[in-house]
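Remarks on the structure that follows.
Residue numbers (my numbering): 120 to 307.
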């Protein structure tokens, strides 16, 4: 294979480079075609073979029609959106002692930038940042009970998605596909 820098540095592409590129593409073509034909014939064949990812009936009667997990790494602070902290409003401007995390400097506490108001029939406090979502709060599931023993954001994110602080563990989506199956075999 010719490095890209060599191609860019040459004044014109040589016949040898063109043939080498065409040959590489033609070698891939039979493999791609055979895979597509195999998938097509498997789809048209009888469904007697067990497909581990075929959709399965759930273990319990579903209560929700859809689930949308909104997880924003580096997104808006939870204390500015759904996590009302009345003591934080009172302690605005007070200096926070050193310690914890990587920084040892003292910093002032900051109150949320938006006020909180109750929403829906349930009265869940939602900030003014989401006035329209506040009206729909009865129709969403807001989980505010997740905690971790780890202060590092990366490991905490892994724990939320996989249940473990270590890499190479199946995520929530993998478990859902395993347990309920999937309609799309091309997605993980």
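Quick reminder that beta carbons are idealized off the backbone N, C-alpha and C, glycines included.
Taking the beta strand (DSSP E) that residue i falls in, what are its first and last residues?
i, result
"residue 244", "243-246"
For residue i, which option in the options has the closest C-alpha, if you only look at C-alpha atoms?
i, options, result
"residue 245", "199, 293, 298, 297", "199"
"residue 262", "179, 277, 176, 188", "188"
"residue 184", "258, 190, 264, 288", "258"
"residue 311", "242, 274, 256, 243", "Residue 311 lies beyond the range of the chain shown here (120 to 307); nothing can be said about it."
"residue 292", "256, 186, 241, 205", "186"
"residue 242", "194, 201, 284", "201"
"residue 238", "304, 232, 203, 266", "203"
"residue 253", "236, 264, 266, 267", "236"
"residue 265", "282, 224, 290, 296", "282"
"residue 255", "233, 240, 267", "240"
"residue 195", "182, 248, 206", "248"
"residue 176", "296, 260, 285", "296"
"residue 207", "232, 223, 270", "232"
"residue 260", "250, 182, 268", "182"
Would you kindly report the start and end of the unbroken alpha helix (DSSP H) that includes residue i?
i, result
"residue 309", "Any answer about residue 309 is impossible in this case: the structure gives the chain only from 120 up to 307."
"residue 311", "Residue 311 is absent from the structure shown; the chain starts at 120 and stops at 307."
"residue 172", "Here residue 172 belongs to no alpha helix (DSSP H), and DSSP marks it neither H nor E."
"residue 206", "205-209"
"residue 254", "250-254"
Quickly, what does DSSP pair residue i with across the bridge? List them, please.
i, result
"residue 227", "214"
Would you say residue i lies against chain D (beta-carbon separation less than 9 Å)?
i, result
"residue 253", "Here chain D cannot be found, since the structure has a single protein chain."
**Q.** Validate contact between the stretch 222-234 and the stretch 203-211 using beta carbons, cut 8 Å, 3 pairs
**A.** Using a C-beta cut-off of 8 Å, the stretch 222-234 makes contact with the stretch 203-211, since at least three inter-stretch Cβ pairs fall below that distance.
(Q) Using 8 Å as the cut-off, can you tell me whether the stretch 289-301 makes contact with the stretch 171-181, which would need three or more C-beta pairs spanning the two stretches below that distance? (A) Result yes; three or more Cβ-Cβ pairs closer than 8 Å.
Q: Entirely within the stretch 269-300 and at least 4 residues each: give me those alpha helix (DSSP H) ranges in chain order.
A: Segments of the alpha helix (DSSP H) lying fully in the stretch 269-300: 272-281, 291-299.
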